[in-house]
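Chains as they are written, first to last, in the working numbering: chain L, 70 to 228; chain W, 68 to 803.
In this text, a Cβ means the ideal position worked out from N, Cα and C, and glycines have one as well.
Here's the structure, in structure tokens; my notes come after.
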């Protein structure tokens, strides 16, 4: 049994320690947010947060995760009460198929918790690992800027 | 997953009368949209006792936002809040057969049908209420799901529906609202599917978990034309969690209780490598290995003359120009590899799939499994965006083959990334050649265009075009490839210029033998044809000493086309543009299929001569999709189309070696990332109240590619005519 802390709750998981976190989240814990995209760390559809940093859950074996704080999009809010990044994506309608969206939100969350005032260039550089094939990148960038404003309480005047 | 109820067949007496009169009327006039194929009103909508309305569409939500737009259309004509409508998408047990969700047809076919069906249902509700209230129908209005009399008496739709049959045939004419009274159509209703997608809700076929479900992986060689060499069946079968290996002919899949266990067993099965299987990679015999579109004219072709306008021969003083343009094979590149869930219970097969065509897929799977079609049900559940025919149908067939071998157990079949890259049908390579003459007045006096390409669709195709069908013993035969006829066309889509040309000839050299496995990719041949035509228009404008926008307008009579071109130019500030160092401006226009949406694009780019990097600084688009149902949905589609086509144009090309693919992941087939995303894109929607819906999803791809090429030519004075306009090609153009 491996003990994992996911979205503030501790789960005992009976899985091979080499199993990537993605499969445990989806199949053992029933969390849909993180998506299988490539299994290679090339697309970011599986992005979750571990101790505040964005990581590829498709590459991270659960063996290295006990004692660390895992967060998925399910931990940011619900459809009825979305967190600020989720709310910003809704406000900007920043999706088409939405398959990459949860990964985008988690990567953005990891940035904005540290740097809510990140500017356009900083956001683009930070979001670089995540792919969107529908071409909604401009909406995602708007959503991340909007979320950053919300998370600073609208104090930044430059956006 | 919900279970379908059989469609109510009982006819109320009033319904019979309506049906009779409608049938006579129908003989005289064509029904609107896909009502022509499914004329019964209750095929499209049903009213519950609570007044909620269920709307049925045979089209699929692919991430394009069609579900939201169709709900708006129904809500508008029913005078109902959108939240009181439930939409059921493509399901062979529940919805009309609307073929494929493709070709930007959904609003035209399904949107038009639902608009008219809803208007006719509202009229029936009003008539029913008039009888119950003893009022003249003309005095009644509908509001928020009720029919309301002048004295304030109301009858809810739920109560009225109890005495009303919608099992009646539609009429050709509908009492449609005048567009001036629209309150839902024309407004940007937020997408109905996004809240769940943003909160980890079960939104995709990948998210399905059925009781007792097992995880399957299919084991194949890396790409078409290969097979596994001596897979270690015994070793893989003994691995932890493995329940079974399913073999049928060359088909091989592993089934495990845990998903990661299935992946591990797949790795073991493929560890011993692969070999050529002696078949042609494209599935057709005698296709020589051709990895470069420049080689296409060397293949045997059937020559289809699609336009032959005899005009006066160019005078002696006319100046002749010519150019050739190519596009490589492209991938759809879904972010989520294909997936399907299949369950064989009591002799009935149910397949949950992200296919674009559940009815044709059902027919193919029924033949593949040797089951009657009535015993197979295909239900569309969203996957990642597909942009045409990717591995969706193949994965659905793979799941069904495994499920049939394991009755009672739901099977979730998930392709791996390298399988999607390795096996998805590609968008075909193309070559276009233009010759034209300019008269002394700077106008085009003759035009000749030839395009070389395979078919652009292997659908429906039956089991012989599905990978599992090709692996059976004996394999199902693949049907001969066929061109898609004009006016929509396939490889020749948009090969006929929209411009007014006194003398023009267009030929489609249709190549039956396919060097690579291919099928429909968003916009089909329009991508290369518009790239070629719109690049050449710029070359001619330059030769004529004319501004590119002025030159287009001088050859453009269609009033809506002129509006789109003029608006894009105005909003961009085209006439006031000033070119900076290493910058360029590009313009392009097309009407998709010459019968769909109009899209004009202007852009400014910047080129780094040393690296060959090309960056889009700002893009302005004007789009006319007819009556605009959801303007933000249209903007989202055009923005996405521009960004995706920027990726196609600048970066994308499937790699081959000796006729086989070498692109198996995002490092070998890079696509656009955030750093390459245009600085800014502004889309202006031209609304046409009351005009037919034209669809939007494929309008931007051709114009975007051409505008990039034109902007590069403006920046460097040299043009790149072969896609992709890669850094290496830009450096080469810059160095001369």
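| Check | Outcome |
| --- | --- |
| Cβ pair count under 8 Å reaching 3, the region 386-401 of chain W against the region 429-437 of chain W | no |
| Short-range partners of chain L found in the region 742-753 of chain W, where Cβ spacing is below 8 Å | 742, 744, 745, 747, 748 |
| Entirely enclosed alpha helix (DSSP H) segments - the region 125-161 of chain L, minimum 4 residues | 153-160 |
| Assigned exposure category for residue 325 of chain W - 16 Cβ within 10 Å defines buried | buried |
| Run of the alpha helix (DSSP H) containing residue 327 of chain W, from where it starts to where it stops | 326-337 |
| Contacting residues, own chain, Cβ-Cβ under 6 Å from residue 482 of chain W (five flanking each side not counted) | 404, 405, 458, 462 |
| Contact set for residue 220 of chain W: own chain, Cβ-Cβ below 7 Å, skip 5 residues either direction | 200 |
| Member of W:368, W:565, W:598 whose CA lies at the smallest distance from the CA of residue 395 of chain W | W:598 |
| Straight-line Cα distance separating residue 765 of chain W from residue 588 of chain W | 10 Å |
| Cβ of residue 471 of chain W within 7 Å of any chain L Cβ | no |
| Residue closest to residue 66 of chain W, alpha-carbon to alpha-carbon, out of W:375, W:667, W:602, W:654 | Because chain W in this structure spans residues 68 to 803, residue 66 of chain W falls outside the shown range and cannot be described. |
| Exposed unless 16 or more other CB atoms sit within 10 angstroms - verdict on residue 648 of chain W | exposed |
| For residue 91 of chain L, the three-state DSSP class (helix, strand or coil) | helix |
| Cβ pair count under 8 Å reaching 3, the region 600-618 of chain W against the region 544-554 of chain W | no |
| Nearest-angstrom Cα separation, counted from residue 722 of chain W out to residue 731 of chain W | 9 Å |
| Within 7 Å, strictly: CB atoms of residue 768 of chain W and residue 590 of chain W | yes |
| C-beta neighbour in chain L for residue 263 of chain W, strict 7 Å | yes |
| Collapsed DSSP secondary structure at residue 75 of chain W in the structure displayed | Below a pLDDT of 50, predicted positions are generally treated as unreliable, and residue 75 of chain W, at 38, falls in that range; no measurement from the model is reported. |
| Presumed contact (8 Å Cβ cut-off) between residue 650 of chain W and residue 677 of chain W, rounded CB distance | Contact flag wrong, Cβ pair sits at about 15 Å. |
| Within-7 Å CB hit, residue 196 of chain L to chain W | yes |
| Where the region 151-183 of chain L meets chain W: residues whose CB sits under 8 Å from a CB there | 151, 155, 158, 159, 162, 164, 165, 166, 167, 168, 169, 170, 171, 174 |
| Buried versus exposed, by CB contacts within 10 Å (16 or more), residue 428 of chain W | buried |
| Cα-Cα separation, residue 190 of chain L to residue 164 of chain L | 21 Å |
| Residue 193 of chain L: contacting residues in chain W (beta-carbon distance under 8 Å) | 741, 742, 744 |
| Three-way DSSP call (helix, strand, coil) for residue 200 of chain L in this model | coil |
| Which residues DSSP lists as bridging residue 209 of chain W, in chain order | W:214 |
| Interface positions of the region 483-504 of chain W facing chain L (Cβ-Cβ less than 8 Å), listed along the chain | 483, 484 |
| Distance, residue 622 of chain W Cα to residue 510 of chain W Cα | 8 Å |
| Near-chain W residues of the region 92-107 of chain L (beta-carbon distance less than 8 Å), N- to C-terminal order | 92, 95, 96, 99, 100, 101, 102, 104, 105, 106, 107 |
| One or two residues paired with residue 370 of chain W in a DSSP bridge | W:576 |
| Three-state secondary structure (DSSP) of residue 771 of chain W | helix |
| Best match in W:613, W:106, W:291, W:268 for proximity to residue 493 of chain W [C-alpha to C-alpha] | W:291 |
| Coil, strand or helix - residue 23 of chain W by DSSP | Residue 23 of chain W is absent from the structure shown; chain W starts at 68 and stops at 803. |
| Residues of its chain near residue 155 of chain L, where Cβ-Cβ distance is below 8 Å and the 5 sequence neighbours each way are ignored | 142, 145, 146, 174 |
| CB contact check: residue 131 of chain L to chain W, cutoff 7 Å | no |
| Within the region 262-344 of chain W, ranges of the alpha helix (DSSP H) (whole runs, at least 4 residues) | 300-304, 326-337 |
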